[in-house]
Every structure is written in C-alpha cells, then in structure tokens.
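Quick note, my numbering runs 541 ahead of the 1-based positions in the sequence shown. Built from N, CA and C at the ideal position, the CB exists for glycine as well.
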Amino acid sequence: MFLKHFYSTDHKIFFTYVLIRFRRSAHRDASYHGLRGRWSTVIEGAVPVAEVALLMFFSIPLWSARVDAFPPEAQSTVVRVVAEQFAWNVHYPGADGRFGRTTPSLLGPSNPLGLDRTDPAGRDDITTINQLNLPVNRPVIIHLSSKDVIHSFGLGEMRVKQDAVPGIVQPVWFTPTVTGQWDIACSQLCGLGHYRMRGVYQIQSQGDYQAWLAEEAALIPTP
Ligand SMILES: [Cu+2]
542 MFLKHFYSTD HKIFFTYVLI RFRRSAHRDA SYHGLRGRWS TVIEGAVPVA
592 EVALLMFFSI PLWSARVDAF PPEAQSTVVR VVAEQFAWNV HYPGADGRFG
642 RTTPSLLGPS NPLGLDRTDP AGRDDITTIN QLNLPVNRPV IIHLSSKDVI
692 HSFGLGEMRV KQDAVPGIVQ PVWFTPTVTG QWDIACSQLC GLGHYRMRGV
742 YQIQSQGDYQ AWLAEEAALI PTP
C-alpha cells in the first residue's frame, strides 16, 4: 500500500522535474546546503495534520456508519462463532431459529460450546468446528466471542476482520455475493498454535446450504 503510493504518478513527475532542474550542465558544483526556507517544514507539518483530519472526521465516521447499519436478524443468517486456542467453534440455531442455552459448566472435549441439549431451544442446534457454511446473497450476522485470549476472525474474501475478545460478544455482518470456499484465518497472534488456527468457510447456494444443514442436523446426538 505504502510502496504503491510512494511510486505514484506525481512522484514520477517530480522525479523527472528534479532530473532536468538539477542536471549536471546547469549545476557544475554540488550544493551542500540543501533546501532553505520554511516552506518544506510547513508542508511536512501540514500533510500529517490533513491526514489525521481526514481519518478522524471523514474516514472513521463513514466506516463506522457503514458497519453499524446492521440488517434485521429476521432477514439474515445468524450464527455464533466462539474462538478458542486454536479453533473456531460455530453454533447454528437450528430449525427453530433459537440458540440453545450455553454454559461453562457443560464445556468439555465433546461439547466445546457448552451447549445445553436439554434446553428446548438447544435440541436442534447445529455445532461445527472450523467449518462455517453460509448461503449466498443473504446478509450474515455473526456474533463473535472468545473463550480464552484475543483472536481475530478474518474472512479476507468477504472483507471481514473482527477481533474476538473474551467477555464480549461482538456482532459483525456482511453479505456474501459469490459462492466458493476459502479459509477462516486467525489474524491475531494468539499463542503457539496460532499458525494452525485455520477454519474453512463455504458460501453456498440456498439449496446447497439447506441440504448441508439437513446433513448436519442428522448428526445431532440424541440424548
Ligand atoms: Cu487465534
């Protein structure tokens, strides 16, 4: 990004100007004084001031307005993602559209979300590890949290990157417009196994997604 900016057209024009303006035939003796006067200092000071103003008063408020305009949950695919060292636990509400109760006392190797299957809302819930399937052309709302340390949920192709912070449920939304399969990357150095904290997300057609949900629902353990 920086390099691309550095070699932009205006720099090439300036470089050409300098080549001609300070050519050898016009300046036999080198000047060791460099630039005199206050203008360069003024410009150097003005550039960061202008950039900070652009960032603080335009860029950040605009981006904030964009990401805070959440679509209604009823018209979205709502999923919970719980990060841990070193995996992504995914929780779907199931056919009833309601998330079952989760509690730390039920946490265990076979129940990484601590989901209470005796809760009526939790009976049909689907859980996966490192596998996030979503339908295309429908807004997705992900309620993101973490069990241990700060992770960062990165879906590069969806332009999504959001920190997962223990003690906070942070919603993030986007609308996938293409089908395909990519990696969920943890983009926060979260421990020794950070490098293998990799999941897969798959954007599917509505039909494929429903078929996948049915497949997963068939795997739900019966109490
Ligand atoms: Cu991580």
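As for any alpha helix (DSSP H) of minimum length 4 sitting wholly inside the region 569 to 614, the runs are 580 to 595 and 601 to 609, ordered along the chain. Counting every other CB atom within 10 Å of its CB across the protein chains shown gives isoleucine 670 a total below 16, marking it as exposed.
For aspartate 724, the enclosing beta strand (DSSP E) begins and ends at 721 to 727. If you look at tyrosine 558, you'll find it in the alpha helix (DSSP H) that goes 550 to 562.
For glutamine 626, the CB contacts under 7 Å within the same chain, skipping 5 residues up- and downstream, are Asp689, Val690, Cys731, Gly732 and Gly734 in chain order. One residue after another in chain order, those with a Cβ under 5 Å from a heavy atom of ligand 1 are His692, Cys727, Cys731 and Met738. Under the criterion of beta carbons closer than 8 Å, valine 677 and isoleucine 725 do not qualify as touching, at roughly 17 Å. When DSSP states are grouped into helix, strand and coil, aspartate 749 belongs to the helix group.
Collapsing the DSSP output to three states places glycine 740 in a strand. Considered as a whole, the region 684 to 722 harbours 692 to 696, 701 to 705 and 711 to 715 as its complete beta strand (DSSP E) runs of no fewer than 3 residues, in chain order. Of the candidates Gln672, Thr659, Ser566 and Tyr573, the residue whose Cα lies closest to the Cα of leucine 754 is Gln672. When only Cα atoms are considered, methionine 738 and cysteine 727 end up about 6 Å apart. Exposure of serine 566 is indicated by the presence of fewer than 16 other C-beta atoms within 10 angstroms of its C-beta. The beta carbons of valine 701 and valine 713 sit closer together than 9 Å.
Inter-residue distance for glycine 575 and phenylalanine 555 is about 17 Å (C-alpha atoms, whole angstroms). In the three-state reduction of the DSSP assignment, glutamine 626 falls in the coil class, being assigned neither a helical nor a strand state. Per DSSP, reduced to three states, the secondary structure at glycine 649 is strand. Beta-bridge pairing by DSSP links asparagine 671 to no other residue.
With fewer than 16 other Cβ atoms inside 10 Å of its own Cβ, arginine 564 counts as exposed. The secondary-structure analysis by DSSP pairs arginine 621 across a beta bridge with His632 and His684.
The residues Gly641 and Arg642, in chain order, have a CB closer than 6 Å to that of aspartate 660 in the same chain once the five nearest residues on each side in sequence are set aside. Note on geometry: alpha-carbon atoms of valine 631 and asparagine 674 lie some 9 Å from one another.
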